[in-house]
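Residue numbers (the numbering used here): 5 to 292.
One structure is given here, and the rest of the page talks about it.
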């Protein structure tokens, strides 16, 4: 039975990665995820949440870089009853996808701004192929976008044009959230370290668990911002974690990456868990 479950999970995420190879197909399916809910959660790393977190209606999750609500739908599919606060600066995504989501789940709150190190207005760059917006790759860095698109498809990289828009950025510490934050997911295309600098007080107060998308450009800065944390990747097929330090990062490169050529089903996200978290002392058998 265990072998069958592992096979089904592998097949599911092989399908997901193949879909992502074609940005148009990727957009078509993810923008219509209501018809493809068997793909949720869309990231296999999300299953690690079930070992690290408990469903709790009183405490909240933050979805930073909410995009079209894909991650929050994944949290709900996993059974979490927590309220979710979604931060997404893209007006089109906010109006088209997140508004309906907040009406379906009354404990989902949406905010049409991004998070960073200071309150400001920044220029967001979004890649387009024809009339299709590759909104899941929007970033403040043109280089980051070109690198990301190139990993998926050189063909689309050549066809792509970049469009700019102004968005509002706020510091999380200034928002005065009065509920306990258990978990923060961050996928903001290379800007994660700046958002972390703007939530130092929030981190000290809540000590949340983080799930942060990995990328080469800012991973060292993220480790520095979260120096009171340990980093792990989750192995969904064996239901356990592996610690990743900056010293052994190169050693485990084959396990990590958006589209690792040597490992098609690589881990894309790191869990950052407080070093003194009760989970680590009571459940060390789950951490390799």
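Glycine included, every Cβ here is placed at the ideal spot set by N, Cα and C.
Computed from a prediction, not measured in an experiment: that's the story for all the values here.
{"query": "Tell me which same chain residues have a C-beta within less than 6 Å of the C-beta of residue 15, skipping the five on either side of it?", "result": "none"}
{"query": "Would you decide whether residue 104 is buried or exposed? Buried here means 16 or more other CB atoms lie within 10 Å of its CB.", "result": "exposed"}
{"query": "Beta-carbon separation of residue 118 and residue 207 under 8 Å?", "result": "no"}
{"query": "Roughly how many whole angstroms lie between the Cα atoms of residue 277 and residue 213?", "result": "5 Å"}
{"query": "Excluding sequence positions up to five away, which residues of its chain have a Cβ less than 6 Å from the Cβ of residue 266?", "result": "258"}
{"query": "Can you give the Cα-Cα distance for residue 10 and residue 241, rounded to whole angstroms?", "result": "5 Å"}
{"query": "Shortest alpha-carbon distance to residue 229 belongs to which of 133, 261, 109 and 216?", "result": "216"}
{"query": "Under 8 Å Cβ to Cβ from residue 82, same chain only, skipping five residues before and after it: list those, please.", "result": "45, 50, 51, 53 and 54"}
{"query": "Are residue 143 and residue 78 closer than 8 Å when you measure CB to CB?", "result": "no"}
{"query": "Is the number of C-beta pairs between the region 81-95 and the region 218-228 that are closer than 8 Å three or more?", "result": "no"}
{"query": "Can you give the beta carbon distance from residue 279 to residue 233, rounded, assuming they're within the 8 Å contact cut?", "result": "6 Å"}
{"query": "For residue 100, does the count of other Cβ atoms within 10 angstroms reach 16, so buried, or fall short, so exposed?", "result": "exposed"}
{"query": "Which one or two residues does DSSP pair with residue 112 in a beta bridge?", "result": "88"}
{"query": "Quick check: residue 168 and residue 129, are their CB atoms within less than 8 Å of each other?", "result": "yes"}
{"query": "Counting only runs that start and end within the region 161-232, where is the beta strand (DSSP E) found for 3 or more residues in a row?", "result": "165-174, 185-190 and 213-217"}
{"query": "Alpha carbon to alpha carbon, how far is residue 226 from residue 204?", "result": "13 Å"}
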